[in-house]
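Inspection log for the structure reproduced underneath, given as structure tokens.
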Amino acid sequence: MRSLTDFLGDWTLTRTILQSDGTEGRFEGRARWEATDEGAEYHETGHLILPQGRFAAERRYRWTETLHVFFEDGRFFHSVPAQGGETGHWCDPDQYDVTYAFGAWPEWSCRWHVVGPRKNYTMTSVYRRG
Numbered sequence: 003m004r005s006l007t008d009f010l011g012d013w014t015l016t017r018t019i020l021q022s023d024g025t026e027g028r029f030e031g032r033a034r035w036e037a038t039d040e041g042a043e044y045h046e047t048g049h050l051i052l053p054q055g056r057f058a059a060e061r062r063y064r065w066t067e068t069l070h071v072f073f074e075d076g077r078f079f080h081s082v083p084a085q086g087g088e089t090g091h092w093c094d095p096d097q098y099d100v101t102y103a104f105g106a107w108p109e110w111s112c113r114w115h116v117v118g119p120r121k122n123y124t125m126t127s128v129y130r131r132g
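Note that the working numbering has the sequence shown beginning at 3, numbered continuously upward.
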């Protein structure tokens with residue numbers, strides 16, 4: 003079972019993005035969870051590599067002690083299952099379903115499947131310590 007303290011610190015992050023039409027992209031970078039009074043700030047930085055080129059990219063979230071994840075603006079995103087497993091997020095009109103896998107800890111992954119009127123992709127992120 004994972005707790006917030008398990009995530010604190012620096013991680014390497016690789017992400018593959020596979021569109022339903024076969025188009026692929028990837029992200030290569032780093033992720034950091036930094037403890038705060040309310041839980042932790044998550045910040046990832048790196049490069050998004052798409053058929054159109056390579057772009058600097060970053061993302062931020064807030065995590066609570068109970069593994070609830072919030073967008074940077076404070077809106078609720080989803081809850082991470084402490085033992086791994088499935089959860090999701092409805093963002094009208096799109097459904098975001100995710101599976102967290104902690105079985106190879108400290109390497110772990112999350113796999114998102116996103117479906118909506120203009121979205122249909124699978125995104126797999128792999129985190130490794132260091």
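In this text, a Cβ means the ideal position worked out from N, Cα and C, and glycines have one as well.
Spatial neighbours of E26 within its chain, please: CB distance less than 6 Å, with the 5 preceding and 5 following residues excluded, ordered by chain position.
Short of 6 Å from the beta carbon of E26, and not among the five residues preceding or following it, lie these beta carbons of its own chain, in chain order: L20.
Could you pull the start and end residues of the alpha helix (DSSP H) that F9 belongs to?
The continuous alpha helix (DSSP H) containing F9 extends over residues 6-9.
Could you check the C-alpha separation between G41 and S127 for me, to the nearest Å?
A direct Cα-Cα distance of roughly 22 Å separates G41 from S127.
On the CB-based measure, 16 or more other CB atoms within 10 Å of its CB, does T107 come out buried or exposed?
Sequence check: residue 107 is Trp here, not Thr. W107 should be labelled exposed.
Backbone CA spacing between D96 and H80 [nearest angstrom]
Taking the Cα positions, D96 is about 14 Å away from H80.
What first and last residue would you give for the beta strand (DSSP E) that runs through M125?
Where M125 is concerned, the enclosing beta strand (DSSP E) stretches over 122-131.
Quick one: Cα of T68 to Cα of F104, how far?
T68 and F104 have their alpha carbons spaced roughly 16 Å apart.
Could you check the C-alpha separation between R130 and D94 for me, to the nearest Å?
One C-alpha to the other measures close to 32 Å.
Given this structure, state the Cα-to-Cα distance separating G132 from F9, to the nearest angstrom.
Our two residues, G132 and F9, have alpha carbons roughly 12 Å apart in a direct line.
Proximal residues to R113 (C-beta, below 7 Å), its chain only, five neighbours per side dropped
Here the set comprises V100, T101, T124, T126.
Would you please state the rounded distance, in angstroms, between the beta carbons of G55 and G31? I believe it to be under 8 Å.
With 8 Å as the limit, G55 and G31 do not qualify as a contact, their Cβ atoms being about 16 Å apart.
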